[in-house]
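2 protein chains.
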Amino acid sequence: MPRKPNHDRNELIARARDLFWRQGWAGTSLKDLEAVLKMKPGSFYAAFGSKEALFEIAMDKYAEDGAGRLAELVEAHGPMAALKRYPELAICREEAPAKACMLSKTLLELQAHGHPLAKRASAHLMGMEEQFAALFSQMQQDGEIAATHDPKSLARRYQSDLLGLRVSAEREGIDAHAIAREIAEGLDRL
Amino acid sequence: MPRKPNHDRNELIARARDLFWRQGWAGTSLKDLEAVLKMKPGSFYAAFGSKEALFEIAMDKYAEDGAGRLAELVEAHGPMAALKRYPELAICREEAPAKACMLSKTLLELQAHGHPLAKRASAHLMGMEEQFAALFSQMQQDGEIAATHDPKSLARRYQSDLLGLRVSAEREGIDAHAIAREIAEGLDRL
DNA sequence: TATATACTTGAGTGATCGCTCAAGAAACCC
DNA sequence: GGGTTTCTTGAGCGATCACTCAAGTATATA
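Just so you know, the protein sequences line up as chains A and B, in that order.
Counting in our numbering, the first sequence runs without a single skipped number right up to 236 at its last residue.
Counting in our numbering, the second sequence runs without a single skipped number right up to 236 at its last residue.
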């Protein structure tokens, strides 16, 4: 009996994610979303409920895709090579709407108001860090790095370096690839 | 003939800077500013012209004060010790309205819209980096670090580490002091 | 004290914000 | 084709946005 939607929901979420990623929470109006998604307000709210609900879905997709890309990298090249390649990969993608991390952007923008989306961004960052820690841990078991380090500390520092790199990559006149290279080389000293 | 202003302009700018620093550009409404500055709209616009103009002044003050604190540190302890202490100092101040850097927050929030304030934040970041580069350069002349490094590259990396640290410090459940310590220790390897 | 000159006040401007909802259009079942 | 159901449409809601301005108040000089 029903009529099927005109749009592919997954594609809509991806487009919304890119817009939010680029422009942030307050920087993205419903008019912007309507234009990019080619939806009128009524359809938009029927499909997603609210701007905040869509942002949450979009951010979840962002985190999921990022974790997936890292997992693929590990699958293909092992933990060490994956962590060495990841920084460059994070800033080189031409199709990405921004160099900086959507999670950190969201955290910095909304943290002060205690916004739920900031808490969720924070949780996703912690999830990434656990993924990093697991890789460092595995590298220790494989004897690739010294067993004296605390995997969680290594992950914390790696995450921090990554966040710094991706803020730097947003600046003009900065050779972020050089920083990415240095982060990768830093892993050799472990 | 004239009546003198009720408020100290410098103090007003400091309070505005703290509010903008914490809440960002879009996150700070004129109502917020009126409350913190205890000014009605008329006075506000007579004194500062616009929200954007005040933000610019506030950000300039932020950059100036930051540069001043580093200069004092250098004066007191020399370049190496200053750069080793600066990361911890950047995140430990209790009275600071946020751990993250106001310049990076502004850059990330407004860059996508090509906002003039983002360009100005970027310029200030570059100014900081030049200050760092000058210190690394001086350390080479003093024989404190190897002469083989490029001071500008060192400064770029140090700045990136600092930005990452200060984003990390904004997260909950992260021991940022440990990261600050690691950044300081990293300078020993030069 | 009279006058001139800032500075302060706050109601109110148009624009934009996120969002609602009644009505119309399209796709399915029988 | 008729009836049902879902999706789409877009005018318009109240709230808030950054901002204005005419009127009022306080402080200076004369």
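Glycine included, every Cβ here is placed at the ideal spot set by N, Cα and C.
Assigned secondary structure, residue i (DSSP; H/G/I helix, E/B strand, else coil)
i, result
"residue 71 of chain B", "coil"
"residue 89 of chain A", "helix"
"residue 64 of chain B", "helix"
"residue 217 of chain B", "coil"
"residue 50 of chain B", "coil"
"residue 57 of chain B", "helix"
"residue 98 of chain B", "helix"
Endpoints, the alpha helix (DSSP H) within which residue i is located
i, result
"residue 207 of chain A", "197-214"
"residue 230 of chain A", "222-232"
"residue 80 of chain A", "76-83"
Sequence-distant residues of the same chain with beta carbon closer than 6 Å to residue i, five excluded per side
i, result
"residue 64 of chain B", "143"
"residue 125 of chain A", "181, 184, 185"
"residue 148 of chain A", "67, 108"
"residue 74 of chain B", "65, 66"
"residue 170 of chain B", "109, 149"
"residue 94 of chain B", "100"
"residue 198 of chain B", "179"
Beta-carbon separation (whole angstroms), residue i vs residue j, contact threshold 8 Å
i, j, result
"residue 146 of chain B", "residue 226 of chain B", "Rounded, the Cβ-Cβ distance is 14 Å, inconsistent with contact."
"residue 222 of chain A", "residue 211 of chain A", "6 Å"
"residue 167 of chain B", "residue 152 of chain B", "4 Å"
"residue 59 of chain B", "residue 113 of chain B", "Actually they do not touch by this definition, with Cβ atoms about 16 Å apart."
"residue 172 of chain B", "residue 219 of chain A", "7 Å"
Close Cβ partners of residue i (< 8 Å) along its chain, the five nearest in sequence each way excluded
i, result
"residue 155 of chain B", "70, 71, 72, 164"
"residue 192 of chain B", "186, 236"
"residue 178 of chain B", "129, 200, 201, 204, 205"
"residue 123 of chain B", "131"
"residue 80 of chain B", "86, 87, 90"
"residue 76 of chain A", "87, 90, 97"
"residue 51 of chain B", "93"
"residue 232 of chain B", "207"
"residue 195 of chain A", "182, 186, 236"
Contacts around residue i, its chain only, beta-carbon distance under 7 Å, and the 5 residues preceding and following it disregarded
i, result
"residue 101 of chain B", "66, 71, 163"
"residue 213 of chain A", "146"
"residue 61 of chain A", "82, 83"
"residue 229 of chain B", "133, 207, 211"
"residue 157 of chain A", "164"
"residue 209 of chain B", "147, 150"
"residue 118 of chain B", "none"
Check your understanding: Which whole runs of the alpha helix (DSSP H) in the segment 104-182 of chain A are 4 residues long or more, in chain order?
Key -> List check, alpha helix (DSSP H) in window: 148-156.
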